[in-house]
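Enquirer: Here it is: the structure, laid out below.
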Amino acid sequence: MKHLKRILDLSREEAERFIRRGLELKRRLKAGLPHRPLAGKILALIFEKPSTRTRVSFEAAMLKLGGETIFLSSRDLQLARGEPLKDTARVLSRYVDGIVVRTFGQEVVEELAAFASVPVINGLSDKFHPCQVLSDLMTVVEAGRRLETLRVAWVGDGNNMANSWLEAAALFGFELRLACPEGYEPDQDVLEEVRRRGARIVLTRDPVEAVKDAEVVNTDVWASMGQETEAETRRRVFQPYQVNRELLQHASPGAIVLHCLPAHRGEEITEEVLEGPQSVVWEQSENKMWLHAAVLETLLS
Ligand code: CP
Ligand code: NVA
Numbered sequence: 003m004k005h006l007k008r009i010l011d012l013s014r015e016e017a018e019r020f021i022r023r024g025l026e027l028k029r030r031l032k033a034g035l036p037h038r039p040l041a042g043k044i045l046a047l048i049f050e051k052p053s054t055r056t057r058v059s060f061e062a063a064m065l066k067l068g069g070e071t072i073f074l075s076s077r078d079l080q081l082a083r084g085e086p087l088k089d090t091a092r093v094l095s096r097y098v099d100g101i102v103v104r105t106f107g108q109e110v111v112e113e114l115a116a117f118a119s120v121p122v123i124n125g126l127s128d129k130f131h132p133c134q135v136l137s138d139l140m141t142v143v144e145a146g147r148r149l150e151t152l153r154v155a156w157v158g159d160g161n162n163m164a165n166s167w168l169e170a171a172a173l174f175g176f177e178l179r180l181a182c183p184e185g186y187e188p189d190q191d192v193l194e195e196v197r198r199r200g201a202r203i204v205l206t207r208d209p210v211e212a213v214k215d216a217e218v219v220n221t222d223v224w225a226s227m228g229q230e231t232e233a234e235t236r237r238r239v240f241q242p243y244q245v246n247r248e249l250l251q252h253a254s255p256g257a258i259v260l261h262c263l264p265a266h267r268g269e270e271i272t273e274e275v276l277e278g279p280q281s282v283v284w285e286q287s288e289n290k291m292w293l294h295a296a297v298l299e300t301l302l303s
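Residues in the sequence shown are numbered from 3 upward in steps of one, following my numbering.
This is the structure:
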């Protein structure tokens, strides 16, 4: 059983195949060529946090490939009344062909996967957001960049996105420079694991150092879902970590700007940069659907 709980569940070849296939499916389905390999299959989505892109892009991808979806807010499941995850995993596996889960603890994803007999796909946890980073890589490739030789900057919080970018750096070998304030670095165990695997990681407090000559500049919200009570403190701490025109001038001239969205204009990124010529965020959000289509086609077929 193949699950997608984190990027390091994949070999480099598997990740490359998803990216290539995502690009192919984008061309093929946009050209109106029918492709319904998932006819008769059902995907369940268990979401414990809000979502616009991940939910709709997974559901749309499933429908485009001929399948059906069942969206389950965790409030409506017996999980909310204490039914064990391991029971939920085994019961749902009898009904559906795959499960996407968005949750808080990564251990929820792990436990579902341990007990499910269908693929479990992480649609974001506090620790990782693997499908997002795979579609970001697809966007980078689509923009004509080669992953191996890339220099990528991460500016801001060492959060779930940063952790998944670290794992992607380990898989593909690109250089990843992260500028994070003290106390807001990525997970120590993820850092150790990717360094053990030979990833080229630079961790700094200086956004300019991170962005210097980077071909991809990446940021994300300062307070992630579940950190709402810290938002005020974080706004203060992260002030020097805004991606704005001045910071972007230190990047490689043709650098592209990524943001997984939702964005807070005037906080982690300025309106000018988000809406500017170097931003590829709308393509990036579209690509989630095509990358998810590639993942579903592979794991559910
Ligand atoms: N980028 C992303 O995961 O967005 P949603 O929270 O809207 O799914
Ligand atoms: N780091 C953000 C990503 C949202 C898609 C969060 O977890 O809220």
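Every residue, glycine too, gets a C-beta built ideally from N, C-alpha and C.
Source: prediction; values computed, not measured.
(1) Just to confirm my understanding: we take residue 282, look at its own chain, exclude 5 residues before and 5 after, and list those with CB closer than 8 angstroms. What are they?
(2) Is the stretch 39-46 touching the stretch 84-101 in the sense that three or more CB pairs, one from each, lie closer than 8 angstroms?
(3) Taking 7 angstroms as the cut-off, is the CB of residue 108 close to at least one heavy atom of the ligand CP?
(4) State yes or no: is the C-beta of residue 221 nearer than 7 angstroms to some heavy atom of the ligand CP?
(5) Using beta-carbon positions only, say whether residue 291 and residue 46 come within less than 8 angstroms of one another.
(6) Measuring only the C-alpha atoms, how far is residue 23 from residue 240?
(7) Quick check on residue 155: does DSSP put it in helix, strand or coil?
(8) May I ask you to check if the CB of residue 229 is nearer than 7 angstroms to at least one heavy atom of the ligand CP?
(9) Using the Cα positions of residue 288 and residue 280, report the straight-line distance between them to the nearest angstrom.
(10) Taking the beta carbon of residue 69 as the centre, do at least 16 other beta carbons fall within 10 Å, making it buried, or is it exposed?
(11) Determine the closest residue to residue 148 out of 21, 295, 210, with distance taken between C-alpha atoms.
(12) Going by alpha carbons, who is nearest to residue 256 out of 235, 224, 216?
(13) Grab me the residues of residue 123's own chain with a C-beta within less than 6 angstroms of its C-beta, minus the 5 sequence neighbours each way, in chain order.
(14) Please state whether DSSP places residue 282 in a helix, a strand or coil.
(15) Can you pull the DSSP bridge partners for residue 75?
(16) Buried or exposed: residue 158, going by 16 or more other Cβ atoms within 10 Å of its Cβ?
(17) Report yes or no: do the stretch 195-207 and the stretch 178-185 share at least 3 C-beta pairs separated by less than 8 angstroms?
(18) Would you say the beta carbon of residue 53 comes nearer than 7 angstroms to a heavy atom of the ligand CP?
(19) For residue 211, which option in 153, 117, 128, 302 has the closest C-alpha, if you only look at C-alpha atoms?
(20) How close, in whole Å, do the beta carbons of residue 262 and residue 134 come, if the pair is a contact with beta carbons under 8 angstroms?
(21) What are the boundary residues of the alpha helix (DSSP H) that includes residue 21?
Expert: According to the data block:
(1) Cβ within range, chain order: 141, 145, 258, 259, 260.
(2) Contact annotation: the stretch 84-101 touches the stretch 39-46, with at least three C-beta pairs closer than 8 angstroms.
(3) no
(4) no
(5) At a Cβ-Cβ threshold of 8 angstroms, residue 291 and residue 46 do not count as neighbours.
(6) Using only the alpha carbons, I get a separation of about 37 angstroms.
(7) strand
(8) no
(9) Roughly 17 angstroms separates the two Cα atoms.
(10) buried
(11) Nearest C-alpha to residue 148: 21.
(12) Comparing alpha-carbon positions, the option among 235, 224, 216 lying closest to residue 256 turns out to be 216.
(13) Closer than 6 angstroms at the Cβ level, and outside the excluded window around residue 123, lie 6, 102.
(14) Three-state DSSP puts residue 282 in coil, outside helix and strand.
(15) 49
(16) buried
(17) yes
(18) yes
(19) 153
(20) 5 angstroms
(21) 14-32
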